[in-house]
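Visitor: Counting in numbering that gives the first Met the number 0, the sequence shown runs from 0 upward without gaps.
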Amino acid sequence: MRRSLVLGNWKMNGSRSSAESLAKGIIAGLGADIADIAVCVPYIFLSDVAQIVKNTRLGLGAQNVADKPSGAYTGEISAAMLKEFACKYALVGHSERRTYYGDTDQSVAARFCQAQEQGIIPVLCIGETLEQRQQEKTFDVITAQLDAVVDLAGIAAFNNAVIAYEPVWAIGTGLTATDDQAQEAHHFIRQYLSAKDQAVAEKIQILYGGSAKPDNAKGLFAMPDIDGGLIGGASLDAESFLKIYHSV
């Protein structure tokens with residue numbers, strides 16, 4: 000039986016004090032150990048939040064990781080650096096990185112590998128734009144994004160990874176995929192993996208990352224191939240984030 004995961008993505012939000020307060024608020028309201036839970040915070044707050052979550056059930060993650068191990072790459076943060084702050088997770092290929100900053104399937108695959116080399120769990124973000132969905136290219140896009148990682152890292156690499164399906168058209172737009180639309184994509188992803196390694200497919204956590212909120216999380220999480228959520232805006236409020244966590 001797969002364990003659920005609720006992963007917050009704070010994006011470029013907050014201050015040092017609000018980050019500390021938010022982390023403390025989440026920890027205070029965790030309650031029963033019903034699922035894995037973590038927050039991906041801005042790089043500059045990693046040190047502070049790492050101290051707060053230490054010896055708690057709230058895990059820590061980064062929002063990106065460099066595609067190189069070290070060197071003259073101004074502004075980048077390596078996986079080895081993230082490891083020093085006890086990062087358990089690192090997002091790779093988030094739609095905003097792909098759309099605004101030019102991350103390609105190949106560079107995302109390289110980031111995936113860099114994270115794993117340092118024992119950090121990569122959270123591979125994949126999904127289609129509205130235009131691609133309207134052109135009925137959803138599964139083609141997902142396949143290409145997965146192929147890039149499999150080609151570079153091999154299917155066994157997914158034994159220590161998480162996948163987040165994020166329909167780009169449902170992020171920050173007020174739109175949300177229906178439970179059935181989300182399940183269809185998650186099922187496709189699991190079937191893709193199953194065709195290559197059934198054990199990997201059965202084990203891996205696949206999250207929904209398209210504007211999940213307290214009022215729709217329960218229906219989404221009830222779908223058989225959805226193992227939790229990658230939560231954006233709702234993760235910036237401890238009460239909302241915890242309601243989603245308690246929906247698994």
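Even for Gly, the Cβ is constructed at its ideal location relative to N, Cα and C.
Note that the coordinates shown come from a computational prediction; the quantities given were computed from them, not determined experimentally.
Mapping DSSP to helix, strand and coil, what is Leu-29?
Guide: Coil, per DSSP.
Visitor: Run through DSSP, which three-state label would Tyr-164 get?
Guide: Looking at Tyr-164 - three-state DSSP - the assignment turns out to be strand.
Visitor: From the DSSP output, which residues share a beta bridge with Pro-121?
Guide: Looking at the DSSP assignment, Pro-121 forms a beta bridge with Ala-89.
Visitor: Which same chain residues, not among the five before or five after Ser-94, have their C-beta less than 7 angstroms away from its C-beta?
Guide: Result list for Ser-94: Cys-124, Gly-126, Glu-165, Val-167, Ile-170, in chain order.
Visitor: Since Ile-243 and Ile-225 are thought to touch, with beta carbons under 8 angstroms apart, how far apart are those beta carbons, to the nearest angstrom?
Guide: At roughly 13 angstroms, the Cβ-Cβ gap does not stay under 8 angstroms, so Ile-243 and Ile-225 are not in contact.
Visitor: Along the alpha helix (DSSP H) that carries Val-149, what are the first and last residues, could you check?
Guide: Unbroken alpha helix (DSSP H) run through Val-149: 137–152.
Visitor: Identify the continuous beta strand (DSSP E) that holds Leu-6 and give its terminal residues.
Guide: Residues 4–8.
Visitor: Taking the CB atoms as reference points, tell me whether Pro-121 and Val-149 lie closer together than 7 angstroms.
Guide: No, these two residues do not count as a Cβ contact at 7 angstroms.
Visitor: Is the segment 139–153 in contact with the segment 209–225, if contact means three or more CB pairs nearer than 8 angstroms?
Guide: No, because fewer than three Cβ pairs between the segment 139–153 and the segment 209–225 fall closer than 8 angstroms, the two stretches do not touch.
Visitor: Since Gln-134 is in the beta strand (DSSP E), which residue starts that stretch and which ends it?
Guide: No beta strand (DSSP E) contains Gln-134, which DSSP labels as neither H nor E.
Visitor: Measure the beta-carbon distance from Ala-216 to Gly-232 and round it to whole angstroms, keeping in mind my assumption that it falls under 8 angstroms.
Guide: Ala-216 to Gly-232, Cβ: 13 angstroms. No contact.
Visitor: Does the beta-carbon of Thr-98 have 16 or more other beta-carbons within 10 angstroms, so that it is buried, or is it exposed?
Guide: Label assigned to Thr-98: exposed.
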